[in-house]
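In the working numbering, the protein residues as written are 34 to 385.
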């Protein structure tokens, strides 16, 4: 009887161990499947342990639970497998084609009404011309009742006398260019219709320079090379020109005066006072002017050297502006310095 009871107890212990192993295995499967977000498998329900056989025999003192021997390894639950993070595919940016501008048809520009009078052409030939040469002007001004042509000043800033007026709407004419145009000449054409509406146009013709060399900044009106005399003073200069018998008195403050040389060979010259050592009293025409013009004498002081003769370069150009612009003069000193006289301001300067 005791052997049968012991046998039943052993069977119950073995059954309990098997149930524990089954439950552990199920737990491992549940842990792995339950924590895997990508798994679509539902974890299997944990198996219920088999019910122990209840003995109808009066309970006896149970035998001690059999402890596995050290040589029998006990199955330990393995480490929980963490699911690898799923690699999420990052979508590549889709290339968006650049927006093409929408072609909006441009509105057809509204053409302004054509004026009742306009200048289709206004030309000159030949271009350039020789100095004092002849130029042919040709024009076409549809709708014009009257056409007039005017020549501008040598500096191109004002209108001079009309060349012609009451001309037909279409035509040509020859005009001689005045001698004082040395670089270019500019013409103006005006055309009016019956209502007084005006159309205008300009044409410029080049003029060839008459000189290969010149000391003025631009082509001069005239160029001569007269004999001259020069003398320096404490506060200025005197310059005499043989061709015009003029004496230029140049003061260091920038003013100048022009005198006519009235001295004749043999005329006496009496200079007031005596120059200090190293300075000189002017003679001949310079001395005559110096003695007769006390104001000039005071402004100049004594001469610092005797006068000397040389060949002077003298050139003229149109100066200033306006209807009568005047003439500006350029000339050289013995050392080659170029001076410029402005007659409308009575001033002079040395060119660089």
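Cβ coordinates follow ideal geometry from the N, Cα and C atoms, glycine included.
- Between residue 329 and residue 290 a beta carbon distance of about 7 Å is seen, short of the 8 Å cut, so the two are scored as contacting.
- Residue 348 sits buried, since 16 or more C-beta atoms from the chains shown fall within 10 Å of its C-beta.
- If you look at residue 318, you'll find it in the alpha helix (DSSP H) that goes 317-325.
- For residue 272, the closest of 245, 308, 323 and 225 by C-alpha to C-alpha distance is 323.
- Residue environment analysis places residue 384 among the exposed positions, since fewer than 16 neighbouring C-beta atoms fall within 10 angstroms of its C-beta.
- Residue burial annotation: residue 158 is exposed, with fewer than 16 other C-beta atoms found within 10 angstroms of its C-beta.
- Residue pairing from DSSP places residue 205 in a beta bridge opposite 171.
- Its Cα nearest to that of residue 274, the residue 362 stands out among 305, 250, 163 and 362.
- CA-to-CA, the gap between residue 340 and residue 296 works out to about 16 Å.
- In this structure, residue 238 sits near residue 160, with a CB-CB distance shorter than 7 Å.
- By the criterion of at least three beta-carbon pairs nearer than 8 Å, the stretch 243-251 is not in contact with the stretch 180-198.
- CA-CA distance, residue 270 to residue 365, rounds to 13 Å.
- In the DSSP assignment, residue 261 is bridged to 274 and 343.
- For the options 189, 368 and 320, the alpha carbon positioned closest to that of residue 333 is the one of 320.
- Counting every other CB atom within 10 Å of its CB across the protein chains shown gives residue 299 a total below 16, marking it as exposed.
- Your pair residue 243 and residue 164 checks out as a contact, with CB atoms roughly 5 Å apart and the cut at 8 Å.
- Between residue 197 and residue 177, the C-beta gap is not smaller than 7 Å, which leaves the two residues out of contact.
- Counting along the chain, residue 214 sits inside no beta strand (DSSP E), nor does DSSP assign it H or E at all.
- Boundaries for residue 191: no beta strand (DSSP E) harbours it, and the DSSP string shows neither H nor E there.
- By the C-beta density criterion, residue 152 is buried, having at least 16 other C-beta atoms within 10 angstroms.
- Between residue 235 and residue 214 the beta-carbon gap is near 15 Å, outside 8 Å, which marks them as no contact.
- The DSSP-derived three-state label of residue 329 is helix.
- Contact annotation: residue 211 and residue 351 have beta-carbon atoms that are not nearer than 7 Å.
- Assigned with DSSP and collapsed to three states, residue 359 falls in coil, not helix or strand.
- Buried is the label assigned to residue 226, since at least 16 other Cβ atoms lie within 10 Å of its Cβ.
- The C-alpha of residue 166 is placed about 26 Å away from the C-alpha of residue 224.
- Looking only at 370, 381 and 148, the smallest Cα-Cα distance to residue 229 is reached by 148.
- The beta carbon of residue 216 lies closer than 6 Å to those of 240 and 252 in the same chain, with the five residues before and after it left out.
- In the DSSP secondary-structure assignment, residue 184 is bridged to 220.
- Of the candidates 265, 287 and 342, 287 places its Cα closest to the Cα of residue 373.
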